[in-house]
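*Asks:* Sequential numbering from 1 applies to the sequence shown in the UniProt record's numbering.
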Amino acid sequence: MSRQVQLRLVAGTWVAGFSAALVPASLTATLPYCLKEVAHYFCDLAPVMQLACVDTSWHARVYITVIGMINTCNLVLILGLYGGIVKAVLKLPSAASRAKAFSTCSSHITVVTLFLGSAFIVYVGPPEIRAEGRGKLIALVYTFLTPFLNPIIYTLRNKEVKEAVKRVKQRIKALLN
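1) Return the bridge partner residues of A52 from the DSSP annotation.
2) In three-state terms, what does DSSP make of C43?
3) To the nearest whole angstrom, what separates the beta carbons of V111 and I153, a pair I think is in contact under 8 Å?
4) In the DSSP assignment, find the alpha helix (DSSP H) that holds R157 and state where it starts and stops.
5) Would you mind sorting I172 into buried or exposed? The rule is 16 or more other CB atoms within 10 Å of its CB.
6) Take the Cβ of M49 as the centre, count every other Cβ of all protein chains shown within 10 Å, and call the residue buried at 16 or more, exposed below.
7) Helix, strand or coil for S57, going by three-state DSSP, please let me know.
8) Is L22 near N74, with beta carbons less than 8 Å apart?
9) Which stretch, first to last residue, makes up the alpha helix (DSSP H) that contains L114?
10) Taking just the CA atoms, how far does A119 sit from H108?
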């Protein structure tokens, strides 16, 4: 990949990310606020909008639309890229090489599904799912649990790690018997 392509990808990512955050953040910043304490683990737009003294339903619809479009675009892009990967993997000559390639992809798909699935539920899902306690719990999945599980998911592909896990299981069974 050339340096120019790399710079364009980075610039495009920054512009897209900034543009996507600009509309909801600027709309939320113009609201009058009555309360001062955010009842959430971090200061996200939806919990901040709950502190407003006015009806925020229009703001919430804009917010959900923007976030929904971003998540959908990411999902479509990832599915398209994985379609190309699956097509290339199926052309590999041996079953062993195809199995190894699919094993590598399955780890990434697991992490992406955890992250995008929980983010989609928090930001775009039905209001009942985004209720006070559930929204906090699901937000923890994509802010804490996914990054925590990421190295575990990827290291479980390693043969040495698999063997070590087997030995630990055997020792635990021996201790319990």
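By construction, the Cβ of each residue, glycine as well, lies at the ideal position given by its N, Cα and C atoms.
*Replies:* Let me spell this out:
1) Counting from 1 along the sequence shown, the entry for residue 52 is found at position 52. Bridge partners of A52: Y33.
2) Translated into positions along the sequence shown, residue 43 becomes position 43. DSSP, reduced to helix, strand and coil, places C43 outside both helices and strands of the structure shown, so it counts as coil.
3) Start at 1 with the first residue of the sequence shown, and residue 111 comes out as number 111. Start at 1 with the first residue of the sequence shown, and residue 153 comes out as number 153. A Cβ-Cβ separation of about 6 Å places V111 in contact with I153 under the 8 Å criterion.
4) The residue labelled residue 157 in the question sits at position 157 within the sequence shown. No alpha helix (DSSP H) contains R157, which DSSP labels as neither H nor E.
5) Residue 172 sits at position 172 when you count from the first residue of the sequence shown. With fewer than 16 Cβ atoms within 10 Å of its Cβ, I172 is classed as exposed.
6) Within the sequence shown, residue 49 is the residue found at index 49, counting from 1. By the neighbour-count rule (16 or more Cβ atoms within 10 Å), M49 is buried.
7) By 1-based counting over the sequence shown, the position of residue 57 is 57. If DSSP states are grouped into helix, strand and coil, S57 belongs with the helices.
8) Looking up residue 22 in the sequence shown gives position 22. Looking up residue 74 in the sequence shown gives position 74. Cβ atoms of L22 and N74: not closer than 8 Å.
9) To locate residue 114, count along the sequence shown from 1; it is residue 114. It spans 95–124 - the alpha helix (DSSP H) in which L114 sits, taken as one unbroken run.
10) Reading the sequence shown from its first residue, position 108 is the one you call residue 108. Reading the sequence shown from its first residue, position 119 is the one you call residue 119. If I take the Cα positions, the gap works out to 16 Å.
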